[in-house]
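Asks: I have a structure here, written as structure tokens, and I will follow up with some questions on it.
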Amino acid sequence: MRIALDPGPRDGPARVQLLADDGAPAGPVEVLADLAAVAALEREHAPRWVFARPRAYRRLLEAGVEVARAHDVELVEGLVVAAAGRYGQPHGLAAAVARLEGREPEPDPPDAGDGPPGLFEAGPAGDELAGVVAVHAAQQRALAAAGPAMRLLAAAESAGALVAEEMTAHGLPWRADVHDRLLTDLLGPRPVLGGRPPKLAALAEAVTAAFGGRPVNPDSPAEVLRAFARAGHELETTRSWELRRVDHPAVEPLLAYKELARLHAAHGWSWLRSWVREGRFRPEYVVGGVVSGRWASRGGGALQIPRAVRAAVRADPGRRLVVADAAQLEPRVLAALSGDHALAPGEEDLYTALAAREFGGDRAKAKLALLSAMYGQTSGGAGALLAGLRRRFPAALAYLEDAARAGEEGRLVRSHLGRTCPPARPGHEQPAAARARGRFTRNFVVQATAAEWALVLLAELRQRLRAAGSPARLVFFQHDEVMLHSPAEAAAATAEAVHDAAATAGRRLFDTPVRFPMQVRIVDGYDER
DNA sequence: TGGCATCGCGCC
DNA sequence: AAAGGGCGCGATGCCA
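Counting from -6, one number per residue, gives the positions in the first sequence under the numbering used here.
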């Protein structure tokens, strides 16, 4: 059973309508006294809730209501539009309704699916619930025609919306005092009036001194290039890997400066002030925000938390962090996709196993070879390594090369479950553009399939925790890694649920002997191995 | 002053 | 011969 839901304006009534599984209305529109009434319907019917966008669920969470299953109309519309070769065209509810009615869709409103509260409530008066019902019915027809893989993808994407909103609501445990201590250790005391912290100021002066005393702003690539040019070093860029090859006394303080300045600018005291409240970091996740189906995030750089500050992520007293990451997910996905099972023979470290068989025990070399194959890299010695891979894993390499060729020829590629890449843009016939698109589609098939494996893992894990009445909460998700905040006594069971969910995710996507092991650690701090 | 492109680097 | 996928974000530098 399905129930369409319009949570309504913030101070107004919510409305619901019972639907058959094909999306046809199975009852009248009903007005709910409040969102808490949703909880009663959830207990009574355990339906799949059909709503317009993730923020609808945010409203439920604010009212203290969690649900088990959902169909997110705007997220699914994105999948359906892309599958028709029109990635990037409007997929908000209003646009979907317009298409159904044979009108030209308007561009999506800014931040479709997210954005500040009130944006949509204040939007043009329309029957939101009727739109949700009509578009959902059309999507059910499209998904039925596309097959079970697309239906699984739609369900997983929608489950992702539930997880994302719940993770934001719970927040990532973040110890501001620990973070502050880390910053002070690395940068010196926080400057009271802004400006550079002591250690950064000292390094900037050291750079200037190394260039003979003429002031050089190390934050300005242009100035740094000019300074090196005056010293007789013509550089292309000021990237650290290029600087490292230069023999000049300014290099060492400059590299040290860049590393610390990065920390200060991106995750320093102002970040802490902006993003951590009452011991929690609450980023906003953007489900399906990346073409490959990976999540993006808005605000706080949630998916780029540097290792240097991870010690600040600490479990509350009496709790533990259960941190799990999928081991070598992308090459395992490639093995399953291509049927080249020899590439991923078991649960052991895939690169080590590969190194032993092909690369003289050199794990780094094996990893570089595989990543190069999946990214389309051939420089830096990668080309020579590819030959060994191609000889040993012809099916896996052929899979990637087919995807690359499809891209170069302007065709579409799809993930295992049917997420579709954007169409080629005009100009893709130019050789350089064609090769770039080939690298993109080569990577897309793997990255997008890995992303949907991870989505299914999340959905399965969430379902297990709910079924068991677990007190553990999902608090972080980053491409191939999940973190839970769990009472200490439940941590072992939580870890088991992760392993179980991972195995199930593999089975739901593939009929394959390839395994998808998770490395799980139960720790107090995110920095602990 | 604000918008925008570029650079550079953090994460996967 | 050369060809590295996907992001977010802050600082700089240029422009209106």
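Just so you know, even glycine gets a beta-carbon here, dropped at the ideal spot from N, CA and C. All values derive from a computational prediction rather than experimental measurement.
(1) Tell me which same chain residues have a C-beta within less than 6 Å of the C-beta of T177, skipping the five on either side of it?
(2) Quick one: residues in its chain with C-beta nearer than 6 Å to the C-beta of L(-2), no 5 flanking neighbours on either side, listed in chain order?
(3) Assuming L451 and A152 are in contact, meaning their beta carbons sit under 8 Å apart, how far apart are those beta carbons, in whole angstroms?
(4) Using a Cβ-Cβ cut-off of 6 Å (strictly less than) and excluding sequence neighbours within five positions of H472, which residues of its own chain qualify?
(5) Once DSSP output is grouped into helix, strand and coil, what is the label at S479?
(6) Which of the three DSSP states, helix, strand or coil, is assigned to L186?
(7) Within 6 Å: the Cβ of Y519 and any heavy atom of the ligand ADP?
(8) When DSSP labels each residue in this structure, what does L228 get in the three-state scheme?
(9) Relative to the C-alpha of R432, which residue among Q370, H409, D493 is closest?
(10) For A75, which residues of its own chain have a beta-carbon under 6 Å away from its beta-carbon, when the five flanking residues on both sides are left out?
(11) Report the three-state DSSP secondary structure of G293 (helix, strand or coil).
(12) Contact check, T497 vs E445 under 8 Å by CB: the rounded distance?
(13) CA-CA distance, A304 and A362?
(14) In the DSSP assignment, what are the bridge partners of R525?
(15) Using only the alpha-carbon positions, how far apart do G78 and I(-4) sit?
(16) For P47 and L448, I'd like the C-alpha separation in whole angstroms.
(17) Of the residues R313, L256, G57, P276, which one's Cα is nearest the Cα of L175?
(18) What residue does the beta strand (DSSP E) around A7 start on, and which one ends it?
(19) Compare the Cα-Cα distances from Y368 to each of T161, L393, A349 and report the closest residue.
(20) Compare the Cα-Cα distances from G420 to each of E401, R312, S408 and report the closest residue.
(21) DSSP state of Y519, grouped into three classes?
(22) What are the boundary residues of the beta strand (DSSP E) that includes H64?
(23) From H38 to N436, what does the alpha carbon distance come to, in whole angstroms?
(24) Secondary structure at T505, three-state DSSP: helix, strand or coil?
(25) Return the CA-CA distance between V90 and P415, expressed in angstroms with no decimal places.
(26) I'd like to know whether the C-beta atoms of A329 and V507 end up nearer to each other than 7 Å.
(27) Helix, strand or coil: how does DSSP classify D178 here?
(28) Report the rounded CA-to-CA distance for V468 versus R398, giving the unit in angstroms.
(29) What's the gap between the Cα of P109 and the Cα of E277?
(30) Tell me which residues share the same chain as L112 and place their Cβ nearer than 6 Å to its Cβ, disregarding the 5 neighbours each side in the sequence.
(31) Which residues does DSSP list as the beta-bridge partners of Q512?
(32) Once DSSP output is grouped into helix, strand and coil, what is the label at V439?
(33) Taking the CB atoms as reference points, tell me whether T442 and S408 lie closer together than 7 Å.
(34) What's the gap between the Cα of R3 and the Cα of E67?
(35) Identify the continuous alpha helix (DSSP H) that holds G403 and give its terminal residues.
(36) To the nearest angstrom, how far is it from the Cα of L247 to the Cα of V200?
Replies: Short version:
(1) none
(2) Correct list, in chain order: V9, W42, F44.
(3) 7 Å
(4) R287
(5) Collapsing the DSSP output to three states places S479 in a strand.
(6) coil
(7) As for the ligand ADP, it is missing from this structure, which has no ligand bound.
(8) Per DSSP, reduced to three states, the secondary structure at L228 is coil, with no helix or strand assignment.
(9) Q370
(10) Excluding positions up to five away in sequence, the list reads T413.
(11) coil
(12) Incorrect: roughly 14 Å between the Cβ atoms, too far for contact.
(13) 32 Å
(14) Because the chain here runs from -6 to 522, residue 525 falls outside it and cannot be looked at.
(15) 30 Å
(16) 15 Å
(17) L256
(18) 7 to 12
(19) L393
(20) E401
(21) coil
(22) Segment 62 to 65, the beta strand (DSSP E) holding H64.
(23) 42 Å
(24) Coil.
(25) Approximately 22 Å between the Cα atoms of the pair.
(26) yes
(27) helix
(28) Here the alpha carbon of V468 sits roughly 39 Å from the alpha carbon of R398.
(29) Per-residue confidence for P109 stands at a pLDDT of 41, beneath the threshold of 50, marking its modelled position as unreliable; no derived number is given.
(30) Unreliable placement is indicated for L112, whose pLDDT of 42 sits below 50; the coordinate value is still reported in the next sentence. Within the same chain, L112 has no close Cβ partners at all.
(31) D318
(32) Of the three classes helix, strand and coil, the one that applies to V439 here is helix, per DSSP.
(33) yes
(34) Counting only the Cα atoms, E67 lies some 20 Å from R3.
(35) Counting along the chain, G403 falls outside any alpha helix (DSSP H), and DSSP gives it neither H nor E.
(36) 6 Å
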